[in-house]
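These notes concern the structure reproduced below.
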Amino acid sequence: MHSSADAQLVHTLAHQLDRAACEGIAMAQISAHHILSIEDAYRVQQALVARREDRGERRIDVKMGFTSIAKMAQMGVHDQIIGTLTDAMFIADHGSMCLDAYIHPRCEPEIAFLLKKDLKQNITLEEAIDAIQAIAPAIEIIDSRYEEFRFSLADVIADNASSAAFVIGEWVSSPCRISQVDVELLIDGEVSQSGSTEDVLGNPVQALVAAARLAAISGRPLKSGDLLLTGAATVAIALQPGMHIQASFAGVGNVNFNVAS
Ligand code: OOG
Ligand code: MG
422 MHSSADAQLV HTLAHQLDRA ACEGIAMAQI SAHHILSIED AYRVQQALVA RREDRGERRI
482 DVKMGFTSIA KMAQMGVHDQ IIGTLTDAMF IADHGSMCLD AYIHPRCEPE IAFLLKKDLK
542 QNITLEEAID AIQAIAPAIE IIDSRYEEFR FSLADVIADN ASSAAFVIGE WVSSPCRISQ
602 VDVELLIDGE VSQSGSTEDV LGNPVQALVA AARLAAISGR PLKSGDLLLT GAATVAIALQ
662 PGMHIQASFA GVGNVNFNVA S
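For the sequence shown, the numbering used here gives the first residue as 422, with consecutive numbering after it.
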């Protein structure tokens with residue numbers, strides 16, 4: 422076991438995670454061989470995202486993870502995390518994805534925010550509300566690069582918070598009542614999961630407060646024009662070929678995609 426990550430180890434781990442994602446082949450948990458601090462895990466994440474940028478991908482979204490009890494309990498971790506989504510991960514509403522490129526992808530319903538202000542590290546709930554230009558229904562597709570979709574907190578941070586793909590529906594301008602919107606995840610028209618945006622830290626705007634803090638600490642503060650996925654309100658569901666997935670947010674809208682058969 423090693424206790425701190427030098428630059429070479431950070432580089433090697435980012436390379437291994439990137440290769441697992443590109444080849445669609447799961448790897449052993451980093452924590453089986455190395456003890457990574459949370460700071461070192463974010464250094465690996467940054468190196469991993471930098472590899473994507475070197476290939477021409479653009480950061481377009483920030484995502485929060487583990488903002489609901491349902492997700493923390495499903496994955497056995499108990500702290501919020503932040504990750505980066507790029508343009509290559511974007512799937513259009515009513516679009517489709519093919520599972521071939523992924524390892525064991527799952528989907529989960531989330532609220533997305535579009536920001537109209539730059540944000541400092543510590544903001545109040547009111548400042549967060551003020552910074553929201555529009556909200557949209559969204560689905561995140563996560564795909565852990567680790568065997569059996571199992572990880573420690575440092576493992577999943579290093580793996581860019583399991584980020585794989587995302588779908589965003591139509592933006593609506595008024596962020597009213599956002600703290601109590603009923604959420605449903607439908608698979609082939611049947612309700613698979615249901616919850617409320619209240620399950621996301623009591624109010625998804627709190628996920629923005631947390632994201633502002635984590636983003637500033639990670640050296641890339643949130644800016645006007647950024648998108649944020651606030652974290653799933655329900656557990657994630659494994660994707661199968663041919664599935665039609667819809668996330669529905671009462672009074673906000675729906676978002677859909679298909680898994681190719
Ligand atoms: C990590 C990502 C968590 C969320 O919405 O809570 C996340 C995972 O569950 O693999 O995206
Ligand atoms: Mg998520």
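Every residue gets a Cβ at the ideal spot worked out from N, C-alpha and C, and that includes glycine.
Using a Cβ-Cβ cut-off of 6 Å (strictly less than) and excluding sequence neighbours within five positions of residue i, which residues of its own chain qualify?
i             : result
serine 424    : Unreliable positioning characterises serine 424 in this predicted model, as indicated by a pLDDT of 49, which lies under 50. The coordinate reading is nonetheless provided below. For serine 424, where only same-chain residues beyond five positions count, the Cβ hits under 6 Å are Ile456.
cysteine 519  : Ala681
glutamate 529 : Glu561, Ala653, Ala657
With a 10 Å radius around its C-beta and 16 neighbouring C-beta atoms as the bar for buried, classify residue i as buried or exposed.
i                 : result
proline 662       : exposed
asparagine 581    : buried
threonine 655     : buried
arginine 464      : buried
arginine 479      : exposed
glycine 610       : exposed
alanine 681       : exposed
valine 676        : buried
methionine 422    : Caution is warranted here: a pLDDT of 48 is assigned to methionine 422, below 50, making its placement in the model unreliable, and the coordinate value is therefore given only provisionally. Flag for methionine 422 reads exposed.
phenylalanine 670 : buried
threonine 545     : exposed
serine 583        : buried
Assuming residue i contacts residue j (C-beta within less than 8 Å), just tell me the rounded distance between them.
i             : j              : result
glycine 646   : methionine 485 : Their Cβ separation, rounded to whole angstroms, is 18 Å, which puts glycine 646 and methionine 485 out of contact at 8 Å.
glutamine 617 : glutamine 627  : Rather than glutamine, the amino acid found at residue 617 in this sequence is serine. The Cβ separation is near 14 Å, so there is no contact.
alanine 435   : alanine 468    : 4 Å
lysine 538    : alanine 552    : 4 Å
glutamine 448 : glutamate 547  : Per the sequence shown, the amino acid found at residue 448 is methionine instead of glutamine. That pair is no contact at about 43 Å.
Can you name the start and end residues of the beta strand (DSSP E) that residue i belongs to?
i             : result
aspartate 482 : 480 to 486
alanine 668   : 665 to 670
glutamine 614 : 611 to 617
alanine 585   : 584 to 589
leucine 649   : 648 to 650
Tell me which residue opens and which closes the alpha helix (DSSP H) that residue i is part of.
i              : result
valine 630     : 625 to 638
isoleucine 578 : 574 to 579
isoleucine 684 : Outside the displayed span of the chain (422 to 682) sits residue 684, for which this structure offers no information.
aspartate 439  : 428 to 444
Exercise for review: At 4 residues or longer, and completely inside the region 479 to 555: list those alpha helix (DSSP H) runs for me, N to C.
Suggested key: 490 to 496, 546 to 551
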